[in-house]
Amino acid sequence: MVPIYTANRLQRWKLILMGYDFSLEYRSTTEFGRADALSRLIPVKPNQTEDVVIAKIEQDILAVYEATIKASPVTRILMQVESEKDEEIVKVTTALKQGVWPSRSKEEMHNWKVLRHTLSMQDGCLYFGNRIVVPKSLRGAVLKQLPDGHPGMTRMKMLARGYVYWTNINRDIEENVQKCQVLLSRNSQDAKKDSSMLMA
Numbered sequence: 000m001v002p003i004y005t006a007n008r009l010q011r012w013k014l015i016l017m018g019y020d021f022s023l024e025y026r027s028t029t030e031f032g033r034a035d036a037l038s039r040l041i042p043v044k045p046n047q048t049e050d051v052v053i054a055k056i057e058q059d060i061l062a063v064y065e066a067t068i069k070a071s072p073v074t075r076i077l078m079q080v081e082s083e084k085d086e087e088i089v090k091v092t093t094a095l096k097q098g099v100w101p102s103r104s105k106e107e108m109h110n111w112k113v114l115r116h117t118l119s120m121q122d123g124c125l126y127f128g129n130r131i132v133v134p135k136s137l138r139g140a141v142l143k144q145l146p147d148g149h150p151g152m153t154r155m156k157m158l159a160r161g162y163v164y165w166t167n168i169n170r171d172i173e174e175n176v177q178k179c180q181v182l183l184s185r186n187s188q189d190a191k192k193d194s195s196m197l198m199a
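Here the sequence shown stands for residues 0 to 199, where the numbers follow numbering that gives the first Met the number 0.
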């Protein structure tokens with residue numbers, strides 16, 4: 000099994016490289032005469048059969064799915080039901096299932112089209128990598144779960160990136176944190192007024 004930090008690093012590189020149009024060409028070391036560091040670092044492993052590899056991938060997907068659902072503030076059934084009602088998710092899942100993405104599409108579908116290689120379906124829920132895509136109707140509930148102890152914007156974004164995804168998630172988190180900060184400052188001002196009244 001690949002260590003989690005290695006898998007995350009590979010995922011980040013994959014996302015970075017998706018923005019470029021390139022082709023890879025294999026060249027044997029005998030053709031260019033020098034062994035590179037990468038070819039020396041790869042350990043020799045016995046080749047696994049395709050069935051073993053597929054079974055392992057399925058186990059990993061199920062493990063990620065279960066962990067994501069357990070960490071989520073909403074139930075799996077609620078997520079499935081709301082995903083079926085969400086227009087954007089329905090369009091994306093239809094395009095994903097059919098393998099046909101509109102050539103000219105609105106900005107929201109274009110964003111999903113760019114991510115299409117990292118999207119998957121599991122039990123009626125859409126996933127971006129190992130993060131569950133949250134329907135619009137449940138985003139408020141998810142945002143309410145994030146500010147446990149008001150950790151601040153950076154911490155909230157980091158928490159959210161570990162479990163959930165939707166387009167413009169960063170903007171929504173920033174707005175949510177700003178609302179929380181406004182409420183906190185109002186509450187502290189009200190508390191000061193109350194204490195000054197008690198002293199008088």
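Idealized CB from N, CA, C, for every residue including glycine.
Cβ shell of residue i (< 7 Å), same chain only, five flanking positions each side left out
i	result
K90	M108
G161	none
I88	S82, L125, V132, P134
T166	E107, N110
V80	none
Straight-line gap, residue i to residue j (C-alpha atoms, nearest Å)
i	j	result
M155	F127	18 Å
K112	P101	8 Å
S93	R115	Looking at the sequence itself, residue 93 is Thr, so the reference to Ser does not match. If you take the alpha carbons of T93 and R115, they lie about 12 Å apart.
N169	R103	26 Å
N203	K13	Here the chain has residues from 0 to 199 only, and residue 203 is not among them.
E30	K55	35 Å
D85	R138	12 Å
I53	Q10	19 Å
E24	I15	19 Å
M17	L118	13 Å
S255	G98	Any answer about residue 255 is impossible in this case: the structure gives the chain only from 0 up to 199.
T48	K178	54 Å
R75	D20	37 Å
N46	D59	19 Å
S136	E174	17 Å
V176	R26	51 Å
E57	Q121	11 Å
A62	K105	34 Å
6 Å Cβ shell around residue i - same chain, five flanking residues per side excluded
i	result
M78	C124
L95	L118
Beta-carbon contacts of residue i that lie in its chain and below 8 Å, excluding the five residues immediately before and after
i	result
R130	T67, R160, G161, Y162, V163, Y164
Cβ distance (whole Å) where residue i is taken to contact residue j below 8 Å
i	j	result
A140	V51	About 40 Å; that fails the 8 Å criterion.
Complete runs of the beta strand (DSSP E) confined to the region 62-122 [at least 3 residues]: Scanning the region 62-122 for uninterrupted beta strand (DSSP E) segments of 3 residues or longer gives 118-121, listed from N- to C-terminal end.
Every unbroken alpha helix (DSSP H) within the region 131-181, with a cutoff of 4 residues, ordered by chain: 135-144, 152-162
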